[in-house]
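Chemist: Below are the structure tokens for one structure; questions will follow.
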Amino acid sequence: MHEDVVVAQWSLQVEEVRKSYGAREALKGVSLTVRPGEFVALLGPNGAGKSTLFQLLTGLFNADGGVLRVCGHDMQREPVRALGRIGVVFQQMTLDLDLSVEANLVFHARLHGIAGRESKARIAD
């Protein structure tokens, strides 16, 4: 069994990432790097952008600008490969009550490396 493995200096690279919701800027040029084996905690007050960054890293939304890479895989160009390198453990219920049922299903499909036509077909079933 052969798997395309990228050896990367960084487990996670976030470079100048921006995200807005209408006129409200949630992330303004956020950058951080995480080396293999490091642990990082995102701490901050409500509205600081923690959840927005997490939503970008898990593929729920796309950034307005900047670059997100997971183990060398770009989230925009290789989302399935990038998401295949992420493990997520939720603290609470994993349904986002602000999202539609379909958006919740798409989110969870992407967390499991299922995207595009395949996720849409599975959701339709």
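Here this note's numbering is used: the first residue of the sequence shown is 18, the next is one more, and so on. Quick reminder that beta carbons are idealized off the backbone N, C-alpha and C, glycines included. These numbers come from a predicted model, not from an experiment.
How about the region 31 to 45 and the region 55 to 74: do they share at least three Cβ pairs that are nearer than 8 angstroms?
Modeler: Short answer: they touch.
Chemist: Evaluate glutamine 26 with the Cβ neighbour count: other Cβ atoms within 10 Å of its Cβ, from every protein chain shown; 16 or more gives buried, anything less gives exposed.
Modeler: It counts as exposed.
Chemist: Mapping DSSP to helix, strand and coil, what is alanine 40?
Modeler: Note: alanine 40 maps to coil in three-state DSSP.
Chemist: For glycine 2, which option in Leu49, Gln30, Glu55 and Asp81 has the closest C-alpha, if you only look at C-alpha atoms?
Modeler: The structure shown does not extend to residue 2, since the chain is modelled only from 18 through 142, so no value can be given for it.
Chemist: For the beta strand (DSSP E) that glycine 66 lies in, which residues bound it at each end?
Modeler: That residue, glycine 66, is in no beta strand (DSSP E); it is neither H nor E in DSSP.
Chemist: Leucine 122 lies in the alpha helix (DSSP H); which residues open and close that run?
Modeler: From DSSP, the alpha helix (DSSP H) with leucine 122 extends over 118 to 128.
Chemist: Taking the straight line between their C-alpha atoms, what separation do you get for glycine 76 and arginine 86?
Modeler: For glycine 76 and arginine 86, the distance between alpha carbons rounds to 11 angstroms.
Chemist: With H, G and I counted as helix, E and B as strand and the rest as coil, what does DSSP make of glutamine 30?
Modeler: It is a strand residue.
Chemist: Which whole-angstrom value describes the C-beta separation of cysteine 88 and serine 48, a residue pair presumed to lie in contact below a C-beta threshold of 8 angstroms?
Modeler: No, cysteine 88 and serine 48 are not in contact; Cβ-Cβ is about 18 angstroms, not under 8 angstroms.
Chemist: Using 8 angstroms as the Cβ pair cut-off and three pairs as the minimum, do the region 52 to 67 and the region 91 to 105 touch?
Modeler: The answer is no - the region 91 to 105 does not touch the region 52 to 67, with fewer than three Cβ pairs under 8 angstroms.
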